[in-house]
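Undergrad:
The following block contains the structure:
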């Protein structure tokens, strides 16, 4: 399970880069099924789900702390569209302390997400709690790339 420390140290970037690299081999019959299973097992702990703005707003209002910072896949794909994730609670605190996000109000967090209305919002668990709201860029996102490879990982119940 990924935890707050994985985000703070940048381990999440290394793991995501590796997952994106492995996705290139998923279509190879025997090797592909083994790699696909490992990737799905790794992603399972994030319990990624698509959410709407109403759900995002509720989570933000319930949070004790909010921060905004570069989304994980954007840090890997520097030429991709710029969007910023909203981090909540302990993840927000850790990302701010690590200099990877800035402290924002709840209103700013919501306005940040509203800037990217064409980007599907993905909610992910970190340290066993939903604390990352990402306005995903489907071309670079590890979850969307897994979906394209027929590795269903996104929960679509809103």
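Numbering (the working numbering), first residue to last: 42 to 199. Backbone N, C-alpha and C fix where the C-beta goes; we use that ideal spot for every residue, glycine too. Predicted, not measured: the structure shown is a model, and the values here were computed from it.
1. Less than 8 Å between CB atoms is the rule here; does residue 197 satisfy it with respect to chain B?
2. Cβ atoms of residue 63 and residue 75: under 8 Å apart, would you say?
3. By how many angstroms is the C-alpha of residue 162 removed from the C-alpha of residue 151?
4. Identify, in the order they occur along the chain, each residue of the same chain with its Cβ nearer than 7 Å to the Cβ of residue 48, setting aside the five sequence neighbours on each side.
5. If we call anything under 8 Å between Cβ atoms a contact, is residue 100 one with residue 174?
6. Work out the CA separation of residue 71 and residue 160 for me, nearest whole Å.
7. Going by beta-carbon coordinates alone, are residue 187 and residue 84 separated by less than 8 Å?
8. As a quick exercise: from 95, 90, 121 and 182, pick the residue whose alpha carbon is nearest that of residue 170.
TA: With the structure as the only source:
1. You won't find chain B in this structure, because it holds only one protein chain.
2. no
3. 12 Å
4. Excluding sequence neighbours, residue 48 sits near 132, 135, 136 and 167.
5. yes
6. 34 Å
7. yes
8. When C-alpha distances from residue 170 are compared across 95, 90, 121 and 182, the shortest belongs to 90.
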